[in-house]
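Colleague:
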Amino acid sequence: MSIETDAANAEGGEEVDALARELGDRIADMPIYERYREAKAEVEADEDLQEQIREFEQIREEFMLARQTNEATQEGLRTLQDAQEDLHDHPKMSEYLELQSELELRLQELNEIISEPLTVDFGGKAGGCCED
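When the sequence shown is numbered by full-length UniProt numbering, its final residue is 132 and no position is left out of the sequence of numbers.
(1) According to DSSP, simplified to helix, strand and coil, what is Ala28?
(2) I need the straight-line Cα distance from Leu80 to Glu15, nearest angstrom please.
(3) Quick one: what does DSSP say Ala45 is sitting in, helix, strand or coil?
(4) Determine the direct distance from the alpha carbon of Gln84 to that of Tyr96, and round the result to whole angstroms.
(5) Among the candidates Leu49, Leu110, Asn70, Asp82, whose CA atom is the shortest distance from the CA of Met30?
Right under this line is the structure:
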């Protein structure tokens, strides 16, 4: 490679970096992202809901351990499912999960737009490794 080619590649890379930063800023300014952040903050600030989340996580951990030791029961699964349903029925959690899903769908759409001219799944390759 020549010095001119290296300089052109570096300059093009800086431009792409600037565009990536601008894209991130613009995504952060999207109304769906703002609503998601607000809903997340509300969930995190609600102590009763945080306790319910901790209880659910405890039930899930116990069930997963029981599965690993072949001691899981249908009753344990029902307990886990009921706890998850109760958690998801909480208005703040329900709103948060809905907004999270909407945001993920929008980010997937953006990933597809970015990936269209490429020969790889931009978000899939950027976000993970060791995929076939």
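All C-beta atoms, glycine included, are put in the ideal place defined by N, C-alpha and C. Because the structure is a prediction, the values reported are computed rather than measured.
Modeller: Looking at the coordinates:
(1) helix
(2) 49 Å
(3) helix
(4) 14 Å
(5) Leu110
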